[in-house]
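Numbering of the sequence shown is given in full-length UniProt numbering, commencing with residue 1 and proceeding in unit increments. Don't be surprised by glycine CBs; every beta carbon is placed ideally from N, CA and C. One structure is given here, and the rest of the page talks about it.
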Amino acid sequence: MTTESIRVEDVSMCFHMTTEKISTMKEYIIKKLKGQISYKEFWALRNVSFSIQKGDILGVLGLNGAGKSTLLKMVAGVLKPTSGNIYVNGSMAPLIELGAGFDTELTARENIYLNGSILGHSKKMMKKHFDEIVEFSELQDFLDVPIKNFSSGMYARLGFSIATITKPEILIVDEILSVGDFKFQQKCESKIQDMIKEGTTIMLVTHSIDQIRALCNKAIVLEKGSLIQSGTVDAVSDFYYSKYT
Ligand SMILES: Nc1ncnc2c1ncn2[C@@H]1O[C@H](COP(=O)(O)OP(=O)(O)OP(=O)(O)O)[C@@H](O)[C@H]1O
């Protein structure tokens, strides 16, 4: 019997964007107080519905701005849908905006504990996994460097290494496989393959159809916020390839 891991039911997301250019915070506050800011609605997602069974690896395809990251953030609980419902059944590790909680003035060592606590882990737990995080990220020589001096790849390595210390039932992965150098990408991919073998359900956003074909069994396509195709990875990636190339 299959069990549902994630159900997205008629979900829409509306952002309110300012219609004029505001250059400074001061200008924003003055205009806001005077009621001079006008907003325009922008629907990043409209009436999206699908579900994923336990152990499914779902690839999310779509051109820039199609709504992929918005969808992942809603499933991860970072954004609340304007309408519709999302049901998640199982523990989840979101690999989105890696290192979003980092404090750039602090060292890598300090950020490991900081990020761990943001992810809900105790200091004891972080101590236990500290060496594993350092080893996987390969940042041994940079542990006591403030991370403002890190490259974006180093950021992502640290973020990925911290976020994957637990064995989640559901993994949400946004584009992270495209950051870092080729060797690190392969390490991340192999860690994800291990999780797949253990039955983890995965939702994955990447612009690489090859990666989607290699990792996923199912896929969906978003176009301008609407879900226009869903099904097996072969059928959906063929559709995507012929529509957009
Ligand atoms: N906080 C926000 N406020 C206003 N608009 C937003 C916000 N976040 C996203 N958007 C808009 O919603 C749309 C979808 O964005 P999203 O980042 O989900 O697209 P995407 O498919 O992940 O794109 P990409 O492939 O470029 O990463 C875009 O037009 C974007 O400008």
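Query raised in the report: Is F136 near ligand 1, in the sense that its beta carbon is under 7 Å from a heavy atom of that ligand?
Result: no
Query raised in the report: Which runs of the alpha helix (DSSP H), 4 residues or longer, sit entirely within the region 163-245?
Result: For the region 163-245, whole alpha helix (DSSP H) runs of length 4 or above, ordered along the chain, are 182-197, 209-215 and 233-244.
Report task. Would you mind stating whether S38 and D10 have Cβ atoms separated by less than 8 Å? Result -> no
**Report entry** Option in C188, D144 and M13 with minimal Cα separation from G153
**Finding:** C188
Report task. Report yes if the CB atom of A76 is closer than 8 Å to the CB atom of P168, and no otherwise. Result -> no
Query - Heavy atoms of ligand 1 versus C-beta positions, residues under 6 Å - result: Residues whose Cβ lies closer than 6 Å to any heavy atom of ligand 1, listed in chain order: F15, M17, F42, A44, G62, N64, G65, A66, G67, K68, S69 and T70.
Query raised in the report: Just how far apart, CA to CA, sit L222 and G65?
Result: CA-CA distance, L222 to G65, rounds to 9 Å.
Report task. Identify every residue that forms a DSSP beta bridge with F15. Result -> F42
Query raised in the report: CA-CA distance, L158 and I147?
Result: 10 Å
Report task. Please name the residue, chosen from F42, L61 and K32, that lies closest to Y241 on a Cα-to-Cα basis. Result -> L61
**Report entry** Beta carbon of K40 nearer than 8 Å to that of M13
**Finding:** no
Query - Cβ-based neighbour list, M74, same chain, cut-off 7 Å, excluding 5 preceding and 5 following - result: Closer than 7 Å at Cβ, skipping near neighbours: V11, M13, P81 and I86.
**Report entry** Whole-angstrom distance between G231 and G211, CA atom to CA atom
**Finding:** Note on residue identity: the sequence assigns Gln, not Gly, to residue 211. When rounded, the distance between both Cα atoms is 17 Å.
Requested in this report: Round the Cβ separation of L204 and V173 to the nearest angstrom and send it over; I've been treating them as touching at under 8 Å.
Outcome: 5 Å
Query raised in the report: Between which two residues does the beta strand (DSSP E) containing I57 stretch?
Result: Where I57 is concerned, the enclosing beta strand (DSSP E) stretches over I57 to L61.
**Report entry** Contact the region 21-32 vs the region 102-120: 3+ CB pairs below 8 Å
**Finding:** no
**Report entry** Reduced DSSP category for K156 - H, G, I as helix; E, B as strand; rest coil
**Finding:** The displayed chain sequence assigns Ala, not Lys, to residue 156. DSSP places A156 in helix when its eight states are reduced to three.
**Report entry** Span of the alpha helix (DSSP H), counted from its first residue to its last, around S69
**Finding:** K68 to V75
Query raised in the report: Is it right to say T164 is buried, meaning 16 or more other beta carbons lie within 10 angstroms of its own, or is it exposed?
Result: Classification of T164: buried, given that the 10 Å Cβ count is 16 or more.
Query raised in the report: Ends of the alpha helix (DSSP H) at S137?
Result: Segment K123 to S137, the alpha helix (DSSP H) holding S137.
Query raised in the report: Between which two residues does the alpha helix (DSSP H) carrying S117 extend?
Result: Its alpha helix (DSSP H) spans residues A108 to I118.
Query raised in the report: Roughly how many angstroms lie between the CA atoms of I220 and S226, to the nearest whole one?
Result: 10 Å
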